[in-house]
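All remarks here apply to the structure that follows.
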Amino acid sequence: MSDVETHKRTPQQLFNQPQHFVIPLFQRAYVWKEDEQWEPLWKDVRRVAELRISDPSRDVAHFLGAVVLQADEARIDTMPTWNVIDGQQRLTTLQIMMDAASAVLMRPGTDRYARRLESLTHNSADYVPEDASRLKLRHLNADRAAFDEVMDAEPPVDYTAVTDADSQIVKAHRYFSSAITIWLGEADTDEFAERAEALATVLQSQLQLVTIELTAAENSQEIFETLNARGTPLTAADLVRNFVFQRIEAEGGDAKRTYDDVWPFETKFWAKEVSVGRYFVSRSSLFLNQWLTARLGEEISPQSTFTRFKAYVEHDPTMRVVDLLPVIKKQADLYEQWTTRASTPEGSLDPTTMAVYRMAANSSEILKPVLIWLHDPTQNRPSHVIDGVISVFESWIQRRQLLRLTSSDLGRVIADVINIHMTTPPDELVQRVTSHLARLKVTSTYWPGDDEIRGSLASELAYRRFPRARLRAILEAIENDYRAETNQPQIERNGLPIEHILPQKWRDTWPVPEDDEPARQEHVHRLGNLTLLTTSLNSKVSNGPWSTKRDALLKHNTIKLTGRLIELTQNNEWSEELIDQRTDEMISTILRVWPVPDGHKGHVADPQTKAQDWVQVKHLVEAGLIAEGDVLRATHRDHVGVTATIVRGGIDVGGKIYTSPSGASRHFRNTATNGWYFWAIDDGRRLADVRSEFSEASPGR
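Here the sequence shown is numbered in the working numbering, starting from 1032 and rising by one per residue.
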């Protein structure tokens, strides 16, 4: 780090020479905001200016923070150039504030202060080639047009004429212009002149920055990562972008062309923050996390996205980022199409976009890595295979959600499935994924069977227990199944109201003897008492007697869920018995929409059966679960392609026999490793799965 120099500088000292400060195209866009940054900064500047007015002899300064600059390779025919490695938000804001102040002060009597500030934001025309920008700070990223236009606008700036008035850059300039104008007060007064001189002086020489200045040879990416490793607002996508384009430049690629043509994440869609558990992350960062899971078959925490991406790229010395980015872009474009399509209310959805829609209804992102994996453009999987795998995963997820089971371990299972089946032939993929999920036997991951779902939903207070969006998605799934019988399009997904047939306030118009009231109340929120309507009923009709309500429901018979309900009643009053009957029919539809393999029971292994260390490989061979000569394949990401063979007495690795799977895995990893999870057989099952089957078949051993 001997090439690093640190200095404390005022704006005058930093910006006075003819030079360029360049914000690389791969830096994130300008994101500072009024409440969080502009207003506090202006208050600090105003405070120092007012102290200067009250006591000119007092030496007061305000510290703005640090920036990291790297000298560009100098050429004889150009001005000195510094690349802004870190602190671009701070430098951009400072330049905007100085330019806004200069524009306000550009009037008779204070124009000399304006020109002083202009000399810090604009190079002299004598040093700049004809038709080139005079700005000292040069944005090469998405902010370039807005920054150049507003900084070069003739004072007083007409913000309504600026092309991109919604840009944060333009909004910042407008904010500082307004705040400065208000503070300066009435023009052509002694107070105005006094405040103008104080403000210009503060902006020139009473603000301070610490600059960390690197030579062209210094590793700026390493310093960038170190500075932003903890407690900063940079997203994983920001760090990935910086790393990717520094890498492209090192590879000799055209970083600007790649950024303009291939990097997909600079739109509002990708900047949007989405919820992941208790946290919010940018959609671009979330996608990169899910893409890595799909690519590597690993469960990766959001906090580890950048470090794992970097390790993935650097692990393969032959990998060129410029070749990887088009693959990421293809899948990112698909991801955006799915999300946009799933958010539109009209038209039928295919299995992929329906899965995205239902995930949104469940406030979940769990299956996104599966969708990305299945749609890998390098695999070209047939659509019926993709749809089949999605159907299997959806059944597993939806059935667990119907029972309100935990989802904390499901990401690990999904990563395992992806990892094991990276190279599974398409014609075997659906069956292998089905078998994998059907073998899960612990509470945190098992695939519930029909009997458990039916037993739970028969008395479940669905309206109370399920979030409203999830419940609506369940009712929509039932409706779509009914419609599919006659080839009708899917129901519109526009937040249709959920109506209780037996009203929640039933006592006035649906009375029963006192002894029957508890049973009636238990049925109010059950699945069979709920339907979808195209329009909400007014409260009088909704809570009115059955005859009135039935007539109102007839007006909404375009929904089969409601039409079948009316057919069920015929001339009968709606009753608890009919609610139970309809609940049972709706459960049967749910089981048909999200099926399990024939014969699947979905039971959980005895929770008391924990330690299985007594099981040896020879026991599995004796039981016929594996055979001598079977090939084992490593599942660890660092040992893809590594194989071993089942032999009499254990596992053969290159002619050496190990009696335990862990010993055989240690041969490769040189560290303690659970071999039951390291090794898998040809059909994708890990040895741990085979061991579980053996233990369940031999519970008395």
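C-beta atoms are modelled at their ideal positions from N, C-alpha and C, and glycine is treated no differently. Owing to the predicted nature of the structure, the values given are computational and were not obtained by experimental measurement.
Annotated as distal: P1528 and N1393, with beta-carbon spacing of 9 angstroms or more. Straight-line spacing of the CA atoms in V1358 and E1459 works out to 25 angstroms. A buried status is given to K1202, since no fewer than 16 other beta-carbon atoms sit within 10 Å of its beta-carbon. Three or more pairs of CB atoms, one per stretch, sit closer than 8 angstroms, so the region 1505-1525 contacts the region 1610-1625. Contact between E1367 and F1300 holds: their C-beta atoms lie close to 6 angstroms from each other, under 8 angstroms. Collapsing the DSSP output to three states places D1285 in coil.
Minimum Cα-Cα distance from I1421 among the listed residues S1606, L1584, T1371 and V1627 corresponds to V1627. Take P1692, set aside five residues on each side of it, and the residues of its chain with a beta-carbon closer than 6 angstroms to its own are G1706, W1707, W1710 and L1718, in chain order. Under the three-state reduction of DSSP, T1565 is assigned to coil, being neither helix nor strand. If only uninterrupted beta strand (DSSP E) runs of at least 3 residues are considered, none is enclosed by the region 1590-1649. A distance below 7 angstroms between beta-carbons, with the five flanking residues on each side excluded, links D1195 to the following residues of its chain, in chain order: A1176, A1177 and V1201. Residue pairing of S1306 in beta bridges, as defined by DSSP: F1311. Going by beta carbons, R1524 and Q1432 fall outside the 9 angstroms limit.
Between A1097 and the set M1110, D1117, W1113 and R1278, the nearest pair of CA atoms involves D1117.
Taking the Cβ atoms as the reference, L1323 lies roughly 7 angstroms from T1336, within the contact range of under 8 angstroms. Straight through space, the alpha carbons of T1124 and A1267 are spaced by roughly 23 angstroms. Residue range T1112 to D1117 is occupied by the beta strand (DSSP E) that includes N1114. In this structure, I1397 lies near L1441, with their beta-carbon atoms less than 9 angstroms apart.
Segment contact: the region 1553-1564 against the region 1601-1611, three or more CB-CB distances shorter than 8 angstroms; contact assigned.
Along the length of the region 1455-1504, whole beta strand (DSSP E) runs at least 3 residues long do not occur.
Looking at the DSSP output, H1093 sits in a beta bridge with L1238. Beta-bridge analysis with DSSP links L1323 to no other residue.
About 6 angstroms separates the Cβ atoms of L1166 and H1153, confirming a contact at the 8 angstroms cut-off.
Per DSSP, the continuous alpha helix (DSSP H) segment holding R1205 begins and ends at Q1199 to L1215.
For Q1235, same chain residues with a beta-carbon under 8 angstroms away, outside a window of 5 residues either side, are T1041, P1042, Q1043, R1147, L1148 and L1151 in chain order. Where E1036 is concerned, the enclosing beta strand (DSSP E) starts and stops at E1036 to R1040. Taken atom to atom, the span from the alpha-carbon of M1182 to that of I1054 is near 15 angstroms.
Annotation for H1698: no beta strand (DSSP E) segment contains it, though the alpha helix (DSSP H) segment containing it runs P1692 to R1700. DSSP, reduced to helix, strand and coil, places Q1101 within a strand of the structure shown.
Distance check between E1530 and each of G1480, T1517, A1583 and F1340 places A1583 closest, using alpha-carbon atoms only. For L1402, the closest alpha carbon among the candidates D1179, H1346, R1326 and T1566 is that of R1326. Taking the C-beta atoms as reference points, D1482 is found no nearer than 9 angstroms to G1328. DSSP, read as helix, strand or coil, puts R1581 in helix.
Cβ contact annotation for K1064 (same chain, cutoff 8 angstroms, sequence separation greater than five): Q1199, in chain order. Residue pairing by DSSP puts Y1689 in a beta bridge opposite I1682.
In this chain, the alpha helix (DSSP H) harbouring V1352 covers V1352 to A1373.
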